[in-house]
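Heads up, the thing below is written out as structure tokens.
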Amino acid sequence: MIGSSVVRAVRRWVEESSVRHQLEELSDRELADIGLSRGDIEAVAHGRFKRPGRA
Numbered sequence: 003m004i005g006s007s008v009v010r011a012v013r014r015w016v017e018e019s020s021v022r023h024q025l026e027e028l029s030d031r032e033l034a035d036i037g038l039s040r041g042d043i044e045a046v047a048h049g050r051f052k053r054p055g056r057a
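In this text, residue positions in the sequence shown follow this note's numbering: the first is 3, and each later residue adds one.
Written out as structure tokens, the structure is:
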């Protein structure tokens with residue numbers, strides 16, 4: 003259904019926005035402590051982040 007697709011898309015957008023905002027609030031040091039850099043934030047928010055050396 004179109005309605006349920008829209009609801010899923012909005013929920014995904016809200017979740018991605020929340021993750022992005024939370025990560026952007028961290029300092030560079032805090033990001034490094036969890037193995038991330040500012041350049042990784044978008045990939046993490048969209049669920050596309052892969053750590054090097056992991057399948």
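The beta carbon of each residue, even a glycine, is placed where N, CA and C say it ideally should be.
The structure displayed is predicted, hence computed values, not measured ones.
| Check | Outcome |
| --- | --- |
| Is the beta carbon of Ile43 sitting closer than 8 Å to the one on Leu25? | yes |
| For Arg50, which of helix, strand or coil comes out of DSSP? | coil |
| Pick helix, strand or coil for Ala29, following the three-state DSSP scheme. | The amino acid occupying residue 29 in the given sequence is Ser; Ala does not appear at that position. The answer is coil: DSSP assigns Ser29 none of H, G, I, E or B. |
| Can you tell me whether DSSP reads Gly55 as helix, strand or coil? | coil |
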